[in-house]
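Numbering (this note's numbering), first residue to last: 22 to 115.
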């Protein structure tokens, strides 16, 4: 996976938005939520998980244009949420 080339941690099937695996990862890295960021392309899993853990969240575009069935169902609602966010806050993410 791309994360190995970057020397970054990545966990598959992390159970997001639950934070159990996230806490395990931070323990393994020797960090805490104030010094760790989560990067992801899904509002209801990655971003919500990071928010629940009190972390900096970084929203990206999907790296693949094929989604699993459940993700395909969530994408339109994620787009709506993001458009409402940008309408309220401009193009600046916080």
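Cβ coordinates follow ideal geometry from the N, Cα and C atoms, glycine included.
Quick check: the Cα distance between residue i and residue j, rounded to an integer number of angstroms?
| i | j | result |
| --- | --- | --- |
| residue 62 | residue 81 | 5 Å |
| residue 57 | residue 29 | 11 Å |
| residue 71 | residue 34 | 15 Å |
| residue 111 | residue 67 | 22 Å |
| residue 78 | residue 101 | 19 Å |
| residue 83 | residue 25 | 19 Å |
| residue 90 | residue 69 | 20 Å |
Select from the options the residue whose C-alpha is nearest the C-alpha of residue i.
| i | options | result |
| --- | --- | --- |
| residue 86 | 78, 77, 79, 96 | 96 |
| residue 46 | 31, 60, 38, 55 | 31 |
| residue 43 | 27, 65, 24, 76 | 76 |
| residue 64 | 90, 74, 103, 55 | 103 |
| residue 38 | 107, 109, 48, 59 | 59 |
Which first and last residues belong to the beta strand (DSSP E) in which residue i is found?
| i | result |
| --- | --- |
| residue 61 | 58-61 |
I'd like to confirm the pairing. Which residues does DSSP put opposite residue i in its beta bridges?
| i | result |
| --- | --- |
| residue 78 | 59 |
By the DSSP assignment, the alpha helix (DSSP H) with residue i in it spans what residues?
| i | result |
| --- | --- |
| residue 92 | 90-110 |
| residue 46 | 41-50 |
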